[in-house]
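Participant: Handing you a structure now.
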Amino acid sequence: MKSIISTFILLLSLIVTPLIAQNFAINHGPYLQAVGKNEVTIVWTTNNPAISWVEVASAGDESFYAKEHPKYFEISNGKRLVSKLHRINIAGLTKNTEYRYRIFSKEVISDKNNKVIYGNVVSSDVFNKAPLRFKTFDDEKDKISFTVVNDIHAQNDTLKALLKEIRYGKTDMVVFNGDMISSVENEEEIFNGFMKSSISMFAKEVPMFYVRGNHETRGGFSTQFPDYFVNNSGKPYYAFRYGPAYFIVLDSGEDKPDSDIEYADLACFDKYRTEQQHWLSNILNSTECQSTKYKIVFMHIPPFGTDWHGEREVKTKFLPILNKAGIDIMFCGHTHKYSYIDSVSGVSDFPVLVNGANTSLDVTVNTNSLIIKIKNTKGNILNTHEISK
Ligand SMILES: [Fe+2]
Numbered sequence: 018m019k020s021i022i023s024t025f026i027l028l029l030s031l032i033v034t035p036l037i038a039q040n041f042a043i044n045h046g047p048y049l050q051a052v053g054k055n056e057v058t059i060v061w062t063t064n065n066p067a068i069s070w071v072e073v074a075s076a077g078d079e080s081f082y083a084k085e086h087p088k089y090f091e092i093s094n095g096k097r098l099v100s101k102l103h104r105i106n107i108a109g110l111t112k113n114t115e116y117r118y119r120i121f122s123k124e125v126i127s128d129k130n131n132k133v134i135y136g137n138v139v140s141s142d143v144f145n146k147a148p149l150r151f152k153t154f155d156d157e158k159d160k161i162s163f164t165v166v167n168d169i170h171a172q173n174d175t176l177k178a179l180l181k182e183i184r185y186g187k188t189d190m191v192v193f194n195g196d197m198i199s200s201v202e203n204e205e206e207i208f209n210g211f212m213k214s215s216i217s218m219f220a221k222e223v224p225m226f227y228v229r230g231n232h233e234t235r236g237g238f239s240t241q242f243p244d245y246f247v248n249n250s251g252k253p254y255y256a257f258r259y260g261p262a263y264f265i266v267l268d269s270g271e272d273k274p275d276s277d278i279e280y281a282d283l284a285c286f287d288k289y290r291t292e293q294q295h296w297l298s299n300i301l302n303s304t305e306c307q308s309t310k311y312k313i314v315f316m317h318i319p320p321f322g323t324d325w326h327g328e329r330e331v332k333t334k335f336l337p338i339l340n341k342a343g344i345d346i347m348f349c350g351h352t353h354k355y356s357y358i359d360s361v362s363g364v365s366d367f368p369v370l371v372n373g374a375n376t377s378l379d380v381t382v383n384t385n386s387l388i389i390k391i392k393n394t395k396g397n398i399l400n401t402h403e404i405s406k
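Going by the working numbering, the sequence shown opens with residue 18, and the numbers climb by one from there.
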């Protein structure tokens, strides 16, 4: 009898183990976030809870298997985090340096009564494919280029057409200036809406920065949405330096009053924009901001055009502070229509460029000028602006 039971258990384990092995997988990513002079965060998701880590190697042709590489885990309050969303920060890197990386996740099948049962390990493939790469930023670089798109609203074909030229080593970074999807009901909408396309095209190796639009504040999963887009402040508004430019990302929130019936008693954006006012004053007074040649602002809702509540708010709360800071340009979206509003003394002391829904901005910042080329999905240049320094 004993031998029948043992045989049955053995057969059962032979059936169940491969099923677990087949089921556990990396379902999205990896993609780069919060790239800086000395750090990067690598993000991906798995279909089951897991602990995860990244192995980092210096650039070069040496096999990834030549030696053991340092491992970086996501640590939360002293413990390795068990999660389906993995966000591994790698700090202490050298600026302006290329690295290679590989990601790993080990499934956590159960964690009960001080007994953890692990499943399989999955990883990115460095055996059949070249390892993935990233390059840290350099604040002494005198020329950078980046591409901006906005208001994609899950139109993957438009996104793919606008970003088809993005390549590692050619474009320094990509900025999503809001409303990449229309509402956020679950994780799959984020990936099906625009991230799956972005990851397959560039986001594994080219840094991407997110500016939250009003549509990403809507839906049952919208409060989790910022977790997928990491930055150095831990909030949807942040600032960072790259080469000759200091970038300020503002979150304009919703466009109608907080009490509007559409927001179902969940909106508190007036208070949130006031919170940003204080943060904005502080970062504009920082030595890093003041010592950087160009100051560029991203904000989804433009401060001109409709006279809706959100627009009034950003106009009265942010513009007076920005007007004192020597801003070179503000990039917006939201209207789905291109416009270029030159500086108006006393209202906005810098130009505001509103990018349409079906065009990209290719921006080059160098020692003497900031050049913006507005391109359609065919890659034709529709407008050019140059701001000389
Ligand atoms: Fe919008």
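Just so it is clear, CB atoms sit at the ideal spot from N, CA and C, and this is done for glycine as well.
Note that the structure is a prediction, hence the values are computed from the model and not measured.
Could you have a look at Asn400 and say whether DSSP puts it in helix, strand or coil?
Facilitator: As a first step, residue 400 must be located in the sequence shown, where it is residue number 383. In the structure shown, Asn400 sits in a strand (DSSP, three-state: E or B).
Participant: Under a criterion of Cβ closer than 5 Å to any non-hydrogen atom of ligand 1, which residues qualify, in chain order?
Facilitator: That query returns the following residues: Asp196, Gly230, Asn231 and His351.
Participant: Looking only at its chain, what residues have a beta carbon closer than 6 Å to the beta carbon of His326, apart from the 5 residues adjacent to it on each side?
Facilitator: Here residue 326 corresponds to residue number 309 of the sequence shown, with the count starting at 1. Excluding sequence neighbours, His326 sits near Lys273 and Pro274.
Participant: From the DSSP output, in three-state form, read off Asp128 for me.
Facilitator: In the sequence shown, residue 128 corresponds to position 111, counting from 1. It is a strand residue.
Participant: Find out if the Cβ-Cβ distance for the pair Val192, Ser239 is shorter than 9 Å.
Facilitator: Your numbering for residue 192 matches position 175 in the sequence shown. Your numbering for residue 239 matches position 222 in the sequence shown. Not in contact: Val192 and Ser239 (Cβ atoms no closer than 9 Å).
Participant: In whole angstroms, give me the CA-to-CA distance for Ile358 and Asp282.
Facilitator: The sequence position of residue 358 within the sequence shown is 341, counting from 1. The sequence position of residue 282 within the sequence shown is 265, counting from 1. Distance between the alpha carbons of Ile358 and Asp282 is about 34 Å.
Participant: Might you give, ordered along the chain, the residues of its own chain that have their beta carbon closer than 6 Å to the beta carbon of Asp168, omitting 5 neighbours on each side?
Facilitator: Counted from its first residue, the sequence shown places residue 168 at position 151. Cβ within range, chain order: Asp196, Gly350, His353 and Ala374.
Participant: So, does the CB of Met197 fall closer than 9 Å to a CB anywhere in chain B?
Facilitator: The displayed structure is made up of one protein chain only, and chain B is not part of it.
Participant: Please work out which residues of its chain come closer than 7 Å, Cβ to Cβ, to Leu28, disregarding the five sequence neighbours upstream and downstream, and give them in chain order.
Facilitator: As a position in the sequence shown, residue 28 is number 11, starting the count at 1. For Leu28, the predicted structure reports a pLDDT of 49, less than 50, and the residue's modelled location is therefore unreliable. A value from the coordinates is still provided. Nothing listed; no residue qualifies.
Participant: Within the continuous alpha helix (DSSP H) that includes Asp174, where are the two ends?
Facilitator: Here the question's residue 174 lines up with position 157 in the sequence shown. Its alpha helix (DSSP H) spans residues Asn173 to Leu179.
Participant: If distances are taken between C-alpha atoms only, which option among Asp128, Gln50 and Leu267 comes closest to Arg229?
Facilitator: Within the sequence shown, numbered from 1, the residue matching residue 229 stands at position 212. When only C-alpha atoms are compared, the closest one is Leu267.
Participant: Ile120 and Ile126 look like a contact to me (Cβ under 8 Å); what is the Cβ gap, rounded to whole Å?
Facilitator: Position 103 of the sequence shown holds residue 120. Position 109 of the sequence shown holds residue 126. Actually they do not touch by this definition, with Cβ atoms about 20 Å apart.
Participant: In whole angstroms, what separates the C-alpha of Ile37 from that of Asn44?
Facilitator: As a position in the sequence shown, residue 37 is number 20, starting the count at 1. As a position in the sequence shown, residue 44 is number 27, starting the count at 1. Note on Ile37: pLDDT 46, under 50, position unreliable in the model; the coordinate value appears next. Whole-angstrom Cα-Cα distance: 15 Å.
Participant: Cβ atoms of Lys158 and Tyr311: under 9 Å apart, would you say?
Facilitator: Numbered from 1 along the sequence shown, position 294 holds the residue referred to as residue 311. Numbered from 1 along the sequence shown, position 141 holds the residue referred to as residue 158. Against a cut-off of 9 Å, the Cβ pair of Lys158 and Tyr311 comes out as no contact.
Participant: According to DSSP, is Val364 helix, strand or coil?
Facilitator: Translated into positions along the sequence shown, residue 364 becomes position 347. Coil.
Participant: In its own chain, which residues sit with a C-beta less than 6 Å from the C-beta of Phe219, not counting the 5 before and 5 after it?
Facilitator: Numbered from 1 along the sequence shown, position 202 holds the residue referred to as residue 219. Closer than 6 Å at the Cβ level, and outside the excluded window around Phe219, lie Ile183.
Participant: Using 10 angstroms around the beta-carbon of Thr153, count the other beta-carbons present and answer buried if the total reaches 16, otherwise exposed.
Facilitator: Stepping through the sequence shown from its first residue, residue 153 is reached at position 136. Result: buried.
Participant: Could you tell me whether the Cβ atoms of Ala171 and Glu206 are closer together than 9 Å?
Facilitator: As a working mapping, residue 171 is identified with position 154 in the sequence shown. As a working mapping, residue 206 is identified with position 189 in the sequence shown. Yes, they are a contact pair.
Participant: State the Cα-Cα distance for the pair Pro368 and Met347, rounded to the nearest angstrom.
Facilitator: Walking along the sequence shown from the start, residue 368 turns up at place 351. Walking along the sequence shown from the start, residue 347 turns up at place 330. If you take the alpha carbons of Pro368 and Met347, they lie about 6 Å apart.
Participant: For Ser69 versus Ile92, is the C-beta spacing smaller than 9 Å?
Facilitator: For this step, residue 69 is matched to residue 52 along the sequence shown. For this step, residue 92 is matched to residue 75 along the sequence shown. Cβ distance not < 9 Å, so Ser69 and Ile92 don't count as in contact.
Participant: For Gln241, does the three-state DSSP call read helix, strand or coil?
Facilitator: One-based indexing of the sequence shown puts residue 241 at position 224. Of the three classes helix, strand and coil, the one that applies to Gln241 here is coil, per DSSP.
Participant: Do you know whose CA, among Cys306, His232, Tyr89 and Arg150, lies nearest Tyr185's CA?
Facilitator: By 1-based counting over the sequence shown, the position of residue 185 is 168. Checked all of Cys306, His232, Tyr89 and Arg150; the closest Cα to Tyr185 is Arg150.
Participant: Can you find the residues in the same chain that come closer than 6 Å, C-beta to C-beta, to Leu98, ignoring five residues on each side of it along the sequence?
Facilitator: For the purposes of this step, residue 98 is identified with residue 81 of the sequence shown, where counting begins at 1. For Leu98, where only same-chain residues beyond five positions count, the Cβ hits under 6 Å are Glu91.
Participant: Quick one: complete beta strand (DSSP E) runs, 3+ long, within the region 258-346?
Facilitator: Qualifying beta strand (DSSP E) stretches, in chain order: 262-267 and 311-316.
Participant: With DSSP run on the structure shown, which of helix, strand or coil describes Ile389?
Facilitator: The residue labelled residue 389 in the question sits at position 372 within the sequence shown. It is a strand residue.
Participant: Just mark Glu403 as buried or exposed, buried being the case when its beta carbon has 16 or more other beta carbons within 10 Å.
Facilitator: By one-based count along the sequence shown, residue 403 stands at place 386. Exposed, by the Cβ-count rule.
Participant: If you follow the alpha helix (DSSP H) that Ile105 is in, where does it begin and where does it stop?
Facilitator: Walking along the sequence shown from the start, residue 105 turns up at place 88. Note, Ile105: premise wrong, no alpha helix (DSSP H); beta strand (DSSP E) at Ser100 to Ile107.
Participant: Between which residues of its own chain and Gly343 is the CB-CB distance below 7 Å, once the five residues before and five after are set aside?
Facilitator: Along the sequence shown, read from residue 1 onward, the residue named residue 343 stands at position 326. These residues qualify, in order along the chain: Lys312.
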